[in-house]
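Trainee:
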Amino acid sequence: MSDPDLPLWPFPVRQPVSEVLEWQTDVLACAAAEQRLALRAAPRESLTYTHLLDAGGLARAAALARAGYLGDGLLPLWHQAGRAATDLAADDSVIFLDTAAADYRAPGEAIVALDGGEALRVAVAAVWPDRLELSSPVGAALTRPLVAPARRAFLTAPVSIERRRQSLGSVTASFALRDGADLGTSADPAATSHLGLAVLTDPAVLRQPLAASLAQSLEIIDNGFGPLVAEPLLNYPQERCSLTLIDRGRSAIWSRRRWLHRLRGRQGAFWLPSWGRELRLQAAVPANATSMIVAPLEDLTLWPGRQVMFERTSGPICRAITAASYHALGARLSIAAPGITIAAATPVHLLTRMRLDTDRIEFEHFASRTEFSLALISVPA
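Its first residue numbered 84, the sequence shown is counted upward by one per residue in my numbering.
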């Protein structure tokens, strides 16, 4: 809801912008499974901005901090800013731009600004995929300005002011946003899925080492004078790994944000490919085949129930292994018909069902990319 009485934090921001999304999940675990309850549908959002200002800007920032430290203000979401498609005249009441990759709301507020200039607030009456309709004219002539949504926020830490030479200085302020929204209410039709869960096939996963650890949760019982006894706490081994993902472009960054909202912290699960090429096809798999021939395997009893992914340039195909038997060329693994002929040289990777091992995600937003790291842990099927 638009509130013209809210003070605006108008200063241009320096890169990177630090953002934190934080959910709350209650994980109820037993020996064979776990149940995860999301206690917070929409995450809490916080932003940390750094500004490089002159003497006048430093004085204004200090005045705003003194006046509004315990109250709400209007904060531009600079990391979601996009360029207007046309110049703006002072009497324009429509801003043409792509609104799909930002959290614009109606009724609500947005800001417009020239590069490096202070923000000018505008009241949003309606949001369309290609434009914003305003409640009143912009009030200033601007050439292809930056446009960003604005949200109600409040300061969560003392404002840090560092004065330098030549009347310049930097200001660092941390804010918590109000009126959080759940962006994960609908699935992404373009995402690869398997058994109702998304498959993480991002190029950022391919470009970095995928370090993982595999362990069985144990309790060591030591009475002090006898042998040690190991009691398993879980009936399944747990795999842990960490990923650093890099998204470029507003659409990719927004798609990632919606995916994280669908996970809701530690509640949701997804499939993570191993990229280890554990299975080597010995022959092509016809489109209507219900099995595949792979190189010899150590223990065939371990393979029924595992999930695999065929890495194809036109898009991955995921299947479940339902049975395993010996074959003259190695092993025959039963799967559902792929529907497309798969060449013998196609890499085949294992899929592991994973979830986030934390409810807190920290982002670093740069001018054209976003970086963040995830701690992951496997979950039972």
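Note that CB positions come from ideal geometry on N, CA and C, so glycine has one too.
Identify which residue in L158, F455, P387, V221 has its Cα closest to the Cα of R235.
Mentor: Taking the first residue of the sequence shown as 1, we reach residue 235 at position 152. That would be L158, whose Cα lies nearest to the Cα of R235.
Trainee: If you count every other CB in all the chains shown that lies within 10 Å of the CB of Y187, and 16 or more means buried, which is it?
Mentor: Here residue 187 refers to the residue found at position 104 of the sequence shown. That one is buried.
Trainee: Out of D137, A335, R360, T239, which has the shortest C-alpha to C-alpha gap to R248?
Mentor: Position 165 of the sequence shown, counted from the first residue, corresponds to residue 248. Comparing Cα positions, the closest option is D137.
Trainee: Where does G279 land, buried or exposed, given buried means 16+ other C-beta within 10 angstroms?
Mentor: Counting from one through the sequence shown, the residue named residue 279 turns up at place 196. Exposed, by the Cβ-count rule.
Trainee: So the alpha helix (DSSP H) L343 belongs to, where does it begin and stop?
Mentor: As a first step, residue 343 is located in the sequence shown; it is residue number 260 there, counting from the start. Taken as a continuous stretch (DSSP letters only), the alpha helix (DSSP H) holding L343 covers 333 to 346.
Trainee: Assuming V103 and A173 are in contact, meaning their beta carbons sit under 8 Å apart, how far apart are those beta carbons, in whole angstroms?
Mentor: Residue 103 sits at position 20 when you count from the first residue of the sequence shown. Residue 173 sits at position 90 when you count from the first residue of the sequence shown. 38 Å between Cβ atoms; not a contact.
Trainee: With a threshold of 16 other CB atoms inside 10 Å of the CB of S219, please say whether the residue is buried or exposed.
Mentor: Your numbering for residue 219 matches position 136 in the sequence shown. Answer is exposed; the Cβ neighbour count stays below 16.
Trainee: G332 and W106 look like a contact to me (Cβ under 8 Å); what is the Cβ gap, rounded to whole Å?
Mentor: Numbered from its first residue, the sequence shown carries residue 332 at position 249. Numbered from its first residue, the sequence shown carries residue 106 at position 23. Wrong, their Cβ atoms sit about 25 Å apart, outside the cutoff.
Trainee: So for Q249, helix, strand or coil by DSSP?
Mentor: By 1-based counting over the sequence shown, the position of residue 249 is 166. Correct three-state label for Q249: coil.
Trainee: Measure from the alpha carbon of I404 to the alpha carbon of each residue in T373, W354, A281, then state which is nearest.
Mentor: One-based indexing of the sequence shown puts residue 404 at position 321. Comparing Cα positions, the closest option is T373.
Trainee: Should the region 85 to 95 be called in touch with the region 425 to 433, which here means at least 3 C-beta pairs below 8 Å?
Mentor: Contact between the region 85 to 95 and the region 425 to 433 is absent, because fewer than three Cβ pairs lie under 8 Å.
Trainee: As an exercise, report each continuous alpha helix (DSSP H) stretch of at least 4 residues that is fully enclosed by the region 199 to 239, in chain order.
Mentor: Segments of the alpha helix (DSSP H) lying fully in the region 199 to 239: there are none.
Trainee: Indicate the three-state DSSP secondary structure (helix, strand or coil) for L147 in the structure shown.
Mentor: One-based indexing of the sequence shown puts residue 147 at position 64. In the structure shown, L147 sits in a helix (DSSP, three-state: H, G or I).
Trainee: Using beta-carbon positions only, say whether A121 and T108 come within less than 8 Å of one another.
Mentor: Taking the first residue of the sequence shown as position 1, residue 121 is located at position 38. Taking the first residue of the sequence shown as position 1, residue 108 is located at position 25. Their beta carbons are under 8 Å apart, which means A121 touches T108 by this criterion.
Trainee: For F308, count neighbouring Cβ atoms within 10 angstroms of its own Cβ and tell me buried if that reaches 16, exposed if not.
Mentor: Along the sequence shown, one-based indexing puts residue 308 at 225. So F308 ends up on the exposed side.
Trainee: From E381 to L111, what does the alpha carbon distance come to, in whole angstroms?
Mentor: If you number the sequence shown from 1, residue 381 lands on position 298. If you number the sequence shown from 1, residue 111 lands on position 28. Roughly 35 Å separates the two Cα atoms.
Trainee: If the criterion is Cβ atoms closer than 8 Å, does the pair R97 and L135 meet it?
Mentor: Locating residue 97 in the sequence shown gives position 14, counting from the first residue. Locating residue 135 in the sequence shown gives position 52, counting from the first residue. Yes, the pair counts as a contact, with Cβ atoms nearer than the cut-off.
Trainee: According to the neighbour-count rule (16 or more other Cβ atoms, all chains shown, within 10 Å of its Cβ), is I194 buried or exposed?
Mentor: Along the sequence shown, one-based indexing puts residue 194 at 111. Buried: at least 16 other Cβ atoms inside 10 Å.
Trainee: Go ahead and pull the three-state DSSP assignment for A114.
Mentor: Along the sequence shown, one-based indexing puts residue 114 at 31. Looking at A114 - three-state DSSP - the assignment turns out to be coil, as it is neither helix nor strand.
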